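Numbering (this note's numbering), first residue to last: 94 to 302.
Here a beta-carbon is modelled for each residue, glycine too, at the ideal position from N, C-alpha and C.
Computed from a prediction, not measured in an experiment: that's the story for all the values here.
A short write-up of the structure that comes next.
Structure, rendered in structure tokens:
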């Protein structure tokens, strides 16, 4: 992982809790707290998820809801998208994929497809913050996603409707609260840079020398 992400050396079990804004000027807050799974949790316990790196043992990555990959070595913006897309395809059971692109910066892909669809379907956002650890940005969005789905009014939906397809994009600003720090995550839509059309020119033309 990058220097910003080298604290993540193994899988993390994380608790997420959301505090909705109580006033219009406030931002939604997502609490991301590392947890010890050995402590028993009742049915009404906190929302837990497993975050893993791609090189974690298969048993862990198959159980993970979030996978975080390193894209800091990508030579172009599209290179980081390639790393992200490869991870989304490699882990079809993962709901959120994060790709650390630099200090305080990550691409995060959120899966919105019905379970019967095998091709990855979702959307990508760019998450940036002044400080904080970018390897946990995906977990913050996972916490928001789970909270949104839990509070969705399903009374008018058909039985067994895949509610994930209704998931909107997250707010443009979310506060990520961790045990030792709180950072504001700026979130915006992200997409691949259009490829430039193939250009030809005469190497003998002085304008191209």
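Problem - Span separating the alpha-carbon of residue 196 from that of residue 230 - result: Numbered from 1 along the chain shown, position 103 holds the residue referred to as residue 196. Numbered from 1 along the chain shown, position 137 holds the residue referred to as residue 230. Roughly 12 Å between the two C-alpha positions.
Problem - Whether residue 164 touches residue 144 by CB criterion (8 Å) - result: Looking up residue 164 in the chain shown gives position 71. Looking up residue 144 in the chain shown gives position 51. No; because the gap between Cβ atoms is not below 8 Å, this pair is not in contact.
Problem - residue 167 to residue 173 span [Cα, whole Å] - result: The count along the chain shown starts at 1 and reaches residue 167 at position 74. The count along the chain shown starts at 1 and reaches residue 173 at position 80. The straight-line gap from Cα to Cα measures roughly 5 Å.
Exercise for the section: Count the other C-beta atoms from every protein chain shown that fall within 10 angstroms of the C-beta of residue 105, then say buried if there are 16 or more, exposed otherwise. Expected result: Here residue 105 corresponds to residue number 12 of the chain shown, with the count starting at 1. Residue 105 comes out buried.
Problem - Under 8 Å between C-beta atoms of residue 219 and residue 285 - result: Reading the chain shown from its first residue, position 126 is the one you call residue 219. Reading the chain shown from its first residue, position 192 is the one you call residue 285. Going by C-beta atoms, residue 219 is not nearer than 8 Å to residue 285.
Problem - Buried/exposed call for residue 107, threshold 16 Cβ in 10 Å - result: By 1-based counting over the chain shown, the position of residue 107 is 14. The residue in question, residue 107, is buried, as its Cβ has 16 or more Cβ neighbours within 10 Å.
Exercise for the section: Please report the residue range of the alpha helix (DSSP H) in which residue 116 lies. Expected result: Counting from one through the chain shown, the residue named residue 116 turns up at place 23. In this chain, residue 116 is not harboured by any alpha helix (DSSP H), its DSSP state being neither H nor E.
Practice task
Decide if residue 210 is buried, meaning its Cβ has at least 16 other Cβ atoms within 10 Å, or exposed.
Solution key: Position 117 of the chain shown holds residue 210. Per the 10 Å Cβ criterion, exposed.
Problem - Best match in 119, 258, 214 for proximity to residue 241 [C-alpha to C-alpha] - result: Residue mapping note: residue 241 aligns to position 148 of the chain shown, counting from 1. Of the listed residues, the one whose Cα sits closest to residue 241 is 258.
Exercise for the section: Confirm, please, whether the CB-CB distance from residue 191 to residue 228 is below 8 Å. Expected result: Residue numbering aside, residue 228 sits at position 135 when the chain shown is read from its first letter. Residue numbering aside, residue 191 sits at position 98 when the chain shown is read from its first letter. Yes, the pair counts as a contact, with Cβ atoms nearer than the cut-off.
Exercise for the section: Please list the segments of the alpha helix (DSSP H) lying wholly inside the stretch 208-295, counting only runs of 4 or more residues, in order along the chain. Expected result: 230-243
Practice task
Keeping to the same chain, check which residues put their C-beta closer than 6 Å to that of residue 239; ignore five residues upstream and five downstream.
Solution key: Along the chain shown, one-based indexing puts residue 239 at 146. Here the set comprises 140.
Practice task
Tell me whether residue 207 is buried or exposed, calling it buried when 16 or more other Cβ atoms sit within 10 Å of its Cβ.
Solution key: Start at 1 with the first residue of the chain shown, and residue 207 comes out as number 114. By the 10 Å Cβ count, residue 207 comes out exposed.
Handout entry: Buried/exposed call for residue 146, threshold 16 Cβ in 10 Å
Key = Your numbering for residue 146 matches position 53 in the chain shown. Looking at its Cβ environment, which holds 16 or more other Cβ atoms inside 10 Å, residue 146 is buried.
Handout entry: Beta-carbon proximity of residue 270 to residue 122, cut-off 8 Å
Key = The count along the chain shown starts at 1 and reaches residue 270 at position 177. The count along the chain shown starts at 1 and reaches residue 122 at position 29. Yes, these two residues count as a Cβ contact at 8 Å.
Exercise for the section: Look at the Cβ atom of residue 274, then the Cβ atom of residue 225, and state whether they are nearer than 8 Å. Expected result: Here residue 274 refers to the residue found at position 181 of the chain shown. Here residue 225 refers to the residue found at position 132 of the chain shown. Yes, the pair counts as a contact, with Cβ atoms nearer than the cut-off.
Handout entry: Three-state secondary structure (DSSP) of residue 152
Key = Indexing the chain shown from 1 puts residue 152 at position 59. Of the three classes helix, strand and coil, the one that applies to residue 152 here is helix, per DSSP.
Practice task
Decide if residue 236 is buried, meaning its Cβ has at least 16 other Cβ atoms within 10 Å, or exposed.
Solution key: As a working mapping, residue 236 is identified with position 143 in the chain shown. The residue is buried, with at least 16 neighbouring Cβ atoms inside 10 Å.
Exercise for the section: Would you list the one or two residues that DSSP bridges to residue 172? Expected result: On the chain shown, residue 172 is found 79 positions in, with the first residue counted as 1. Answer by DSSP bridge pairing: none, since residue 172 is not bridged.
Problem - Unbroken beta strand (DSSP E) run spanning residue 141, endpoints - result: As a position in the chain shown, residue 141 is number 48, starting the count at 1. Run containing residue 141: 140-145, per the beta strand (DSSP E) assignment.
Problem - residue 287 classed as buried or exposed, judged by whether at least 16 other C-beta atoms fall within 10 angstroms - result: For this step, residue 287 is matched to residue 194 along the chain shown. When all chains shown are included, residue 287 counts as exposed.
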